[in-house]
Every structure is written in C-alpha cells, then in structure tokens.
C-alpha cells in the first residue's frame, strides 16, 4: 500500500517536470452557454504515456478528446501540445492521429487508399507511401487486405485498419474515442492487448476515452476518472482500485460495499464510524470530515473474510450476517449477505480447495481490516 | 443419411418441402395481391393502356388502306415508272365517290397532306366534282387537278398503303421521305422539332446544373444542422410544394417582367435606365429561372437523404489525418454524395424535359420546350401521330437516362426522403 502511494507520488512528480507533452490548463466547455460540460479540466500527459479518460456517458470525457483533436473549441482555458498553445490551430495542422468510435473508415476507398490518405495529403512520394502503408498493414497483421473495401472486413479488422490509419503518418499523439465499443467481448480483449503492444513498440503518446473500467485498468499508465465534467481522481490503475479518493471513484472502479454512517471519533490514521444500523466500524479516514459528519465506508468484496480465529488480529471489524444468495462463478464464489442492515453486502471468496460452502439462510460471521475500509465523502 | 443428396426434402407426411411451402404461402400471396389490386387496375387503365395507345398511334397508318381500298388493290404490282393505268384511276374515282357520300375523306386528306402539301385541297376539290366525272377517269381526274398526273402522288399513295409508318418519327426529327423513299431533311424554314429537342435537352441540363449548385449547400446544411433548426429549414424547402405550380409560375412573371418588381427596383436604384429594362421573362432566361426554382426541392431531397447517412466522423477523420478542409471535402465527403447527386440530377432532368406549364407560360417563343409542341399537335394541328412520335422519343430519352444511371450508380442505392 505504501509502495503504491510512493509510486503515485513519483508519477505526479514526473508530470510536473518539463517533459510534459500534452497539457490541459483549466479547460472549460459549454455548448449552450448555460451548462458547463467540462468544468476546469487539468491534465498533464508525459511523452509516451497511455492515459485513459474514464467515466460514465455524458461526463465530458469525449468533449475533452474532441477539444484536443480540434473539433471543439474550449470555452475557457488552454490546451498545450509540446508546450505550444493549440486552441486556434485547425485539426489538420495538429498532426494528431485519431481512432473514432465507429472507425470512420472511408467506405469508397480501399484499405490501402484509406491508409495512403494521410500520406498523400502530406505530399509524400509514391514509393514512400507504398512502403509506409505496407509497414502499417504489417503492424496490424492485415498484409493481405490492402485491396479490400472496409465493408468487406469484419469489425475487428476494421478496427485494426482504423488504428493503422491513425498511426501510419507517425503522429506523436494518438487519440482514441471508445475504439473497442462496437466489438464483442473476446475481440475486445484481444484488441486491448494489441493496442497495448503497439503502444509499447512505437512509444507514441496515447489518450484513450472509454466508459469500460476493465479496459481502462488493463491498458492505461494513468486513468482520469470523470464525473459530471470534473476529474474525480487521476492516478495509476492500482491506486484507483486500492485507494479511491471519493465515493464515486470507489463505486465506479470495481465492485464496492457501501456502508453509510457518521464519524464519531478520529484518532491519527484511524477513525470510528457509527453506522445508521447502530454498529461501530473502525476505518481509514480518506475523504471524510470531522467528527459528526456523514461518511460512506467503502470496502472491496474480496477484502471481506469469513471470520477465522487464526486471523483474529487482522480483522478488527467483525459482524454477524445472514447469507441471502450464493452465486457460483467458477473461479470464485459471490455471496450476498445481510450485514449491518445492508442487504447488498457482497463477499467474494476464491474457489480454493476446502472453501466453506455457504447456504442461503445460514448465519455467518464476517470481518475485515480497518486498512481496507475507507471512509469517504458522504 | 442414406438418401442421395439430390433427393428433395420432404415434410413429415411425405409431401415435398417446396410444394408444402408454396401451399403455405399461397394464402398470404393472394391477400397481398388483393391489397394492390385497386392500384394495379388503376395503373393499367390510366397509365399502361394510354402508353401503348400512344406508342401505337406513333406508327399506326390506317388512312390510305381504309379509304382508298380499291385504289390500293389496283396499285398492286404497279412498277412506279409511269402513271398507273385507267383501272387504277377508275378505282380512285370510285373510292373518292364513296368517301364523298360517307363524308369521311377528312382523315385521308390530312394524312396525305402531312406527306405532300397540297394534297388536302387536291382531294377535296376532286371529291366535290366527283359526281360530274365521266370515264375515261385518267384524263378526267388529271383535268380536275393535275396533281393526279404527277408520278410522285401515286408513289406516295403506294407507299402509304403500308399499315405502319415511320413518317411521324421522321417528322419529329425534321426529316421526311422523298418520293423515292430516301430520308431527307425538310426545308430549313420548316425545321422546328430538332431545334426544340436540343433546346429542351440543353436547357434541362442547365436547370439540373443550377439546382445542383443551389441545392447542394442547402442539403448539406439540412443534414448537418441540429434537428430543431433543420426542421424549420426543411419546411422552407418544402413550402413551394404547398403552393400551386401555376401561382409560383405567375409570381415569376410578376417579378421578372419588364414592368415587374425586379426591373422597377433596379430602375429605382439607378442600376439600369428606365428605357433599358431587362427582358428576363418570355425567353430562355425566364424558363430557366422559374424551372430552377420549381424543381429545386427535387434536387435537395435526394441529396439530403444521402447526406444524412454520412456520419460527421468521416470529415473529422479526414481533417485529423491532415486533410485541409476543401481537400477533405473533395476526397471524402463529395464522393460519398455522388449517389445523391445522380439521383437528384436524373430526377430533375427527367422532370424538366417533360415540363409543360412553366415553359408555356414564361418561355415566350425562344424558351419553349418540345412538350409545348406535343400540346400544339394534340390540340391545334390535331396531328396526333406526330404528337405521339415526339412523346415516344421523349420517353425513349428518359429510359436511356435511367439505364445509364442504373448502370453507373445503381437504382437500389438511392433512397428518397
């Protein structure tokens, strides 16, 4: 845990340094002059980094990407690319590669013509275009598909072509707007690794927009979690999961047990929270207020354990609960319990040898450490 | 598995699957047919039958063989090198006598007059005096009217014996058959149709080009504006449809005529002198302006329906890949709108080559279309055969346009609305 925090600080320190590649400074955006879609967006992206903007739909993440690409102008604030403000630069002069949600492959051109387009507008020689197109097709393993039309390709192949087209003119920065949204699950996972591989081998900077947290966790160096036009937390995937800074991030990233209550005591790195159902829980204060304020306790289901005397010292919080439902998921078991008045208390236990088989209706004692229980904003 | 692969599939009770399927869908097929039956009947009566009637009339040639049946029989085997013999003249006199009694020589004389001017008066003059004529008829008829003594007259009668004729089509393109059966151009002062065909075609092309030029940006705006603005714009585009065609055309007269609104304004502003007012109506310009306006929606709508299907991300992709705005438009957006351009173009072109009322009202002498001559031949000259031939040629041009379009673009790629 401490290690994680250290790394986070390290990343933050690096971002502050001068090799900042993309920089959003206090960017605001409003479409109608009444409501702000993006409220004070700040982001520093280092060269070669893979940063994901993650958030529910309508949270302003795509708008940020569109402002970066030049299709929308910021209402306020500045966007810097390599230290130069680009607010007034038209999209075609920015030299940013972009992969669109539905690929936007030109349907009247063949795959090779699609790839040649960005090179032709840059007036490259015919031989060079041919060479680069071939190389880009090889990179996405579609060497034999140059003569086909986009409509003759499968979704996954179209996706690869879109990726190759965004990279063929060797941009320093590539933007991706939910590029895997239209693919089925298996293909999506395959493409995640593919994009990751290409990112690693080319060393380009990538800004990726998605609403899929698994995708974000798999691919990113850092993730900016968006909600309601504001970045809730910007951190590495493990920090986001292990140490969410507020209730939104905790519930949006991964599964999360929520317990509502009031802070009754704060002492150093621990605090006591009296739940609405009456029990008192020891927790780590993260974003809660002083004594007397409301708080949401966040607890990952896999950090909850069935009480076991050998681990008594670790499990500072112990409560009796009732099993309501058991779902068998192969590699793990998901048990829904009633604990501290919460009917949706989830317990995840790995399907290890000799795990105790719980039955609905059965009483059970569960416990967790105060370190895993984070007191966040109400 | 043991069944040979060629054996037809059978249902559980042994009926071949195809038969069973046909039986199952027969009911719904009959129902579907009954639903379209009223329209089908209407179309057959009001469209298909008149169409074939028109095509038939353009080649039908019954007059000579009906009204000069005896003469036709007597002319059989005539070598055409000298005047026919007395029997033939006697047959002609008998035919004319009978025709005069039945008072049905009008059609015959008109028909022959199309081919050889003066034939109408020749026949009517001869028919009036037919009762007083005595044999030998050869001398008697030539004495009444020396046209009967011309070899060409007899060649004409012999030629028009045929129940079908090409002469209406030839007349429609300013050609005629010489007495010797060769196709020759009519004298220059009588040439009218070919000029009108060309004028109709090139003016239609100009009108199509203008509607494209004016309609393309509007359709683009319609397709790219947010719904609440584009709805208003769409109403403005469709507004002309809610006004009578006649009203719209006469409005142009009020605006464009030499004492009209536009000239008055320009005179008032001192742009033109009062005595040098522009002649913008009752000529080609009037026809082009009014028809461009009237046909504009027919260009905008197909363009719009195609543009609507082009996602904005294509242009964005082109821009982000480094294409300057115009280049991106030319390389990416424009090629995708070609089916719309073709659909709108062919629609406007076909509509305008068949347009009648607007050129008739604002075209004057120089802005008139071939359709105005179809109407003239239908209503005034009563030469229905020629009207049918001109109309058939127009139909033929339309079919050619359609086939070319289908070959190049494909009709199935076009959605209207």
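Protein chains in written order, with the working numbering: chain A, 189 to 566; chain B, 75 to 491.
Glycine included, every Cβ here is placed at the ideal spot set by N, Cα and C.
Going by DSSP in three states, residue i sits in which element: helix, strand or coil?
i	result
residue 556 of chain A	strand
residue 464 of chain A	coil
residue 561 of chain A	strand
residue 529 of chain A	coil
residue 265 of chain B	coil
residue 251 of chain A	helix
residue 218 of chain A	strand
residue 378 of chain A	helix
residue 237 of chain B	coil
residue 494 of chain A	strand
residue 429 of chain B	coil
residue 480 of chain B	helix
residue 538 of chain A	strand
residue 475 of chain B	helix
residue 403 of chain B	helix
residue 566 of chain A	coil
residue 332 of chain B	coil
residue 422 of chain B	helix
Identify the contact partners of residue i in chain B, using a Cβ-Cβ distance below 9 Å as the criterion.
i	result
residue 284 of chain A	394
residue 357 of chain A	395, 396
residue 353 of chain A	391, 395
Below 8 Å on the Cβ atoms is my guess for residue i versus residue j; work out the distance and round it to an integer in Å.
i	j	result
residue 413 of chain A	residue 366 of chain A	Actually they do not touch by this definition, with Cβ atoms about 16 Å apart.
residue 484 of chain A	residue 545 of chain A	Actually they do not touch by this definition, with Cβ atoms about 32 Å apart.
residue 131 of chain B	residue 449 of chain B	Their Cβ separation, rounded to whole angstroms, is 16 Å, which puts residue 131 of chain B and residue 449 of chain B out of contact at 8 Å.
residue 353 of chain A	residue 401 of chain B	Their Cβ separation, rounded to whole angstroms, is 16 Å, which puts residue 353 of chain A and residue 401 of chain B out of contact at 8 Å.
residue 311 of chain B	residue 371 of chain B	6 Å
residue 95 of chain B	residue 84 of chain B	Not a contact, Cβ separation roughly 12 Å.
Interface residues of chain B around residue i at Cβ under 8 Å?
i	result
residue 279 of chain A	390, 393, 394
Cβ closer than 7 Å: which chain A residues qualify as neighbours of residue i?
i	result
residue 387 of chain B	288, 290, 292
residue 409 of chain B	296
residue 382 of chain B	Those do not exist, as residue 382 of chain B stays about 15 Å from chain A at its closest Cβ, beyond 7 Å.
residue 482 of chain B	Those do not exist, as residue 482 of chain B stays about 14 Å from chain A at its closest Cβ, beyond 7 Å.
residue 401 of chain B	309
Under a Cβ-count criterion, where at least 16 other Cβ atoms within 10 Å of its own Cβ denotes burial, should residue i be classed as buried or exposed?
i	result
residue 276 of chain B	exposed
residue 255 of chain A	buried
residue 201 of chain A	Per-residue confidence for residue 201 of chain A stands at a pLDDT of 45, beneath the threshold of 50, marking its modelled position as unreliable; the derived number appears in the next sentence. Burial call: exposed.
residue 394 of chain A	buried
residue 88 of chain B	exposed
residue 272 of chain B	exposed
residue 451 of chain B	buried
residue 289 of chain B	buried
residue 193 of chain A	Low per-residue confidence applies at residue 193 of chain A: pLDDT is 46, beneath 50, and the placement is therefore not dependable enough to give any value.
residue 98 of chain B	exposed
residue 478 of chain B	exposed
residue 338 of chain A	buried
residue 481 of chain B	exposed
residue 342 of chain A	exposed
residue 232 of chain A	buried
residue 437 of chain A	buried
residue 378 of chain B	buried
residue 222 of chain B	buried
residue 316 of chain A	exposed
residue 253 of chain A	buried
residue 556 of chain A	buried
Are residue i and residue j close, meaning C-beta to C-beta below 7 Å?
i	j	result
residue 210 of chain A	residue 269 of chain A	yes
residue 364 of chain B	residue 436 of chain B	yes
residue 226 of chain A	residue 529 of chain A	no
residue 350 of chain A	residue 287 of chain A	yes
residue 292 of chain A	residue 387 of chain B	yes
residue 250 of chain B	residue 149 of chain B	no
residue 505 of chain A	residue 474 of chain A	no
residue 511 of chain A	residue 552 of chain A	yes
residue 462 of chain A	residue 566 of chain A	no
residue 423 of chain B	residue 278 of chain B	yes
Give me the chain A residues within the contact set of residue i, using Cβ-Cβ distance strictly less than 8 Å, ordered along the chain.
i	result
residue 414 of chain B	By Cβ distance, chain A contributes nothing, its closest Cβ being about 13 Å from residue 414 of chain B, past 8 Å.
residue 513 of chain B	Residue 513 of chain B lies beyond the residue range present for chain B, which begins at 75 and ends at 491; the question has no answer from this structure.
In chain B, what lies closer than 7 Å to residue i by C-beta?
i	result
residue 259 of chain A	390
Cβ closer than 9 Å: which chain A residues qualify as neighbours of residue i?
i	result
residue 406 of chain B	294, 296, 297, 305
Of all the residues that make up the stretch 294–319 of chain A, which are near chain E by a beta-carbon distance shorter than 8 Å? The structure shown contains no chain E; the protein chains it does contain are A and B.
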